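Protein chains in written order, with this note's numbering: chain A, 1 to 266; chain B, 1001 to 1332.
We treat Cβ as the ideally placed atom computed from N, Cα and C, and that holds for glycine.
The model shown is predicted, which means the values in this text are computed figures rather than measured ones.
Here is the structure we will look at, set down as structure tokens.
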């Protein structure tokens, strides 16, 4: 089973909100100084799902990420977790893209690989939170897709998949190849082993440009966007926090109860 | 640009109209009125005709009924081609749907199949220049707000975050028509075989996500031995119990209790965050809460930036007094 995992590097979502800043004029997020970006949470679950499928059924896992040289750290971590190969997509033409432009580059890279049985991504990234890439890849590669996925098994030459719903799940029988957007319910991502970390330094990570993928610049990045970011801002807090004044914590607790009762919240 | 009207896609639901559909219908009605265009609703399923009257009573000018056994249960491979044909036939210029687990799947695929773009998980909309839709959504766990438009001349597709907007009210005397449309489906293009939805008995998520009051604890609770203080408060005020990722990772409470990016998305009237610092990923789960109360020992904790009412103090001291007084006031 040859599996491709597409991952994204994002600002660490565990940072306190006070460190979060945006540049309104440039419509971008200012990365907090000294905090290293991380692999988006759901993508770690996608890597783990791919490695588990490989351990059960053999084959190869290739991980792909689009971004500057910083994403090589993310790709190395994926190899250390058990992936076999990695590709970095880097080109000035990729910059400023939306989910569509990103999916177009990823789909072209997947096509350039020899073959694939399964493409896994996280259900959504923890930054822009749009969750479009797995469904977009299914459309662009013209294969079946499902998102968000909490279980995947190989059965009778195809796949048994459970798609998360609000009150449970929906079982789906799917063919190979398919694209799945992986949800966090599926597994607990492993930590890289020391052996894995050592191995990750030895795996070459090729860099593919837009020209390598045979893509024209107008399909990519800022020019390939299908949705336009008109404004980005930090919302003004409607109410600043009203602190309860009290001499003792017990008194504060009682005053809070009174406040909540007066506001008919309890 | 908006001459083709607004089309709302009803959430797959055989038994009755899904509450989230009414929320999208309300947003669709407001946009249709602002732009002076008609509002249609795409109703797909098998025995769903009975839902049409309620949609019209609540503001739909037209219900496009696509009844076919092959559309039940929902799967992307049957819904997306049928919806794409409908959008082309009706010439809709704005397409709205709910950002449920199901809507997130078919919404994106529909937009890509139509060769257009989609803005997902929107919290609000406003009409922009020349009939364009401006779609507003929280990003980076609610720490920033982004406003998007869809590029090009294709339909503008957007999905609406559930449980944020008010459902469409009944409009006295509102009239509309039901248009029965034939379902054209190429069975060879249906690659998947979906089964009926299975309800998970052990899932604590829905209760938490639907609760009007939520009490959640984090690292500041101090340990599992103090968790009964939260349970007692929750029981007294009729609240569901949640937790931050820190409390779940520490093994104090089971995973389904987690509120945040990778856990439950809650939108209660009252959210009491106890000993929770308020990291980006936690706040992503409670942006829909109306009133946030924070109890934390650290006056500099980030949670106070989001809270409406704050108490600085040790959880072990504040909670028993809060619970006792609340019981006295509410008679529980």
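Beta carbon of residue i nearer than 8 Å to that of residue j
| i | j | result |
| --- | --- | --- |
| residue 82(A) | residue 1(A) | no |
| residue 1076(B) | residue 1165(B) | no |
| residue 1107(B) | residue 1114(B) | no |
| residue 1066(B) | residue 1034(B) | no |
| residue 1158(B) | residue 1144(B) | no |
| residue 53(A) | residue 65(A) | no |
| residue 167(A) | residue 1016(B) | no |
| residue 1004(B) | residue 1092(B) | yes |
| residue 1329(B) | residue 261(A) | yes |
| residue 1173(B) | residue 13(A) | no |
| residue 1280(B) | residue 1295(B) | no |
| residue 1285(B) | residue 1261(B) | yes |
| residue 192(A) | residue 1101(B) | no |
| residue 1221(B) | residue 1139(B) | no |
| residue 70(A) | residue 37(A) | yes |
| residue 1006(B) | residue 1055(B) | no |
| residue 1194(B) | residue 170(A) | yes |
Assigned exposure category for residue i - 16 Cβ within 10 Å defines buried
| i | result |
| --- | --- |
| residue 1186(B) | exposed |
| residue 1238(B) | exposed |
| residue 1148(B) | buried |
| residue 1271(B) | buried |
| residue 1121(B) | buried |
| residue 9(A) | buried |
| residue 157(A) | exposed |
| residue 132(A) | buried |
| residue 1223(B) | exposed |
| residue 198(A) | exposed |
| residue 189(A) | buried |
| residue 109(A) | buried |
| residue 1289(B) | buried |
Where residue i falls: helix, strand or coil (DSSP)
| i | result |
| --- | --- |
| residue 1021(B) | helix |
| residue 1206(B) | Because the pLDDT of residue 1206(B) is 44, which lies under 50, any placement of that residue in the model is unreliable, and the question is left without a value. |
| residue 197(A) | helix |
| residue 95(A) | coil |
| residue 1082(B) | helix |
| residue 1318(B) | helix |
| residue 180(A) | strand |
| residue 219(A) | helix |
| residue 1027(B) | helix |
| residue 1140(B) | coil |
| residue 1107(B) | helix |
| residue 1333(B) | Residue 1333(B) lies beyond the residue range present for chain B, which begins at 1001 and ends at 1332; the question has no answer from this structure. |
| residue 1258(B) | strand |
| residue 1289(B) | coil |
| residue 1045(B) | strand |
| residue 1128(B) | coil |
| residue 88(A) | strand |
Extent of the continuous beta strand (DSSP E) to which residue i belongs
| i | result |
| --- | --- |
| residue 73(A) | Counting along the chain, residue 73(A) falls outside any beta strand (DSSP E), though it belongs to the alpha helix (DSSP H) covering 71-80. |
| residue 1303(B) | Segment 1303-1306 is the alpha helix (DSSP H) holding residue 1303(B); no beta strand (DSSP E) there. |
| residue 145(A) | 144-155 |
| residue 1274(B) | 1270-1274 |
| residue 256(A) | Careful: residue 256(A) lies outside any beta strand (DSSP E), inside the alpha helix (DSSP H) at 249-262. |
Min CB distance residue i to chain A below 8 Å
| i | result |
| --- | --- |
| residue 1204(B) | Because the pLDDT of residue 1204(B) is 41, which lies under 50, any placement of that residue in the model is unreliable, and the number read from its coordinates should be weighed accordingly. No, its Cβ sits nowhere closer than 8 Å to a Cβ of chain A. |
| residue 1197(B) | yes |
| residue 1072(B) | no |
| residue 1130(B) | no |
| residue 1118(B) | yes |
| residue 1002(B) | Any reading at residue 1002(B) is ruled out, since the residue's pLDDT is 41, under 50, leaving its predicted position unreliable. |
| residue 1104(B) | yes |
| residue 1125(B) | no |
| residue 1161(B) | no |
| residue 1121(B) | yes |
Enclosing alpha helix (DSSP H) for residue i [first to last residue]
| i | result |
| --- | --- |
| residue 42(A) | 41-57 |
| residue 1280(B) | 1280-1283 |
| residue 135(A) | 133-141 |
| residue 7(A) | Not the alpha helix (DSSP H): residue 7(A) falls in the beta strand (DSSP E), residues 2-7. |
| residue 36(A) | Taken as a continuous stretch (DSSP letters only), residue 36(A) belongs to no alpha helix (DSSP H), as it is neither H nor E. |
| residue 173(A) | Looking at the DSSP string, residue 173(A) is not in any alpha helix (DSSP H); the run it does join, the beta strand (DSSP E), is 168-174. |
| residue 1229(B) | 1228-1237 |
CB contact check: residue i to chain B, cutoff 8 Å
| i | result |
| --- | --- |
| residue 100(A) | yes |
| residue 94(A) | no |
| residue 32(A) | no |
| residue 213(A) | no |
| residue 241(A) | yes |
| residue 247(A) | no |
| residue 189(A) | no |
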